[in-house]
Amino acid sequence: MATVLMSILYKRFFQGTAISDARGYADGIWCFWDPLLWKVDVLTINFQFIHMHVQWENTNPWLLTAIYGSPQVQSRRTLWHDIQGVAQTVQGPWCIMRDFNTTLHAYEL
């Protein structure tokens with residue numbers, strides 16, 4: 015199903031894509047854009063995030079990180095470590111879109 019959906023989206027709407035691999039119950043992270051409007055350089059693809067340098071038409075460029083955190087606590091710790099590494103390289107505007115997949119109470123795990 016995911017392959018069919020991606021094919022439809024790619025052909026009809028977006029020709030720029032960055033997709034992280036699916037793991038466990040997660041389908042991965044899908045980022046789509048129209049390259050006629052957006053200049054996107056994918057810097058890092060990780061199973062929990064995609065980090066990109068983006069620019070819309072003739073505006074100033076900025077960084078975008080799309081995050082979908084693992085429900086596994088140890089993997090989320092790795093995510094925080096990886097994001098700290100990304101943060102050390104950031105110069106300029108940076109937007110983070112995220113679902114950290116966190117819980118409020120221990121019984122929710």
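Sequential numbering of the sequence shown, starting at 15, is according to the working numbering. In this text, a Cβ means the ideal position worked out from N, Cα and C, and glycines have one as well.
Original post:
Among Q29, N115 and W76, which has the Cα closest to the Cα of G157?
Top reply: It is not possible to answer for residue 157, since the shown part of the chain is limited to 15 through 123.
Original post:
Relative to the alpha-carbon of R67, which residue among V100, D96, R112 and W94 has its alpha-carbon at the smallest distance?
Top reply: Locating residue 67 in the sequence shown gives position 53, where the first residue counts as 1. Correcting the residue type first, residue 67 is His in the shown sequence and not Arg. Checked all of V100, D96, R112 and W94; the closest Cα to H67 is V100.
Subject >> Collapsed DSSP secondary structure at L51 in the structure displayed >> reply: For the purposes of this step, residue 51 is taken as residue 37 along the sequence shown, with counting starting at 1. Residue state, collapsed to three classes: coil.
**OP:** Please name the residue, chosen from L77, W94 and F46, that lies closest to Q86 on a Cα-to-Cα basis.
**Re:** In the sequence shown, counting from the first residue as 1, residue 86 sits at position 72. Comparing Cα positions, the closest option is W94.
**OP:** May I ask you to report which of helix, strand or coil DSSP gives Q29?
**Re:** Within the sequence shown, numbered from 1, the residue matching residue 29 stands at position 15. DSSP places Q29 in coil when its eight states are reduced to three.
Original post:
What is the residue span of the beta strand (DSSP E) that Q69 lies within?
Top reply: For the purposes of this step, residue 69 is taken as residue 55 along the sequence shown, with counting starting at 1. Per DSSP, Q69 belongs to the beta strand (DSSP E) from F63 to W70.
Original post:
Can you give the Cα-Cα distance for F197 and L78, rounded to whole angstroms?
Top reply: There is simply no residue 197 to check, as the chain begins at 15 and stops at 123 in what is shown.
Subject >> 6 Å CB neighbourhood of M111 in its chain, flanking five on each side removed >> reply: Here residue 111 is taken as the residue at index 97 of the sequence shown, counted from 1. Answer for M111: A80, listed in chain order.
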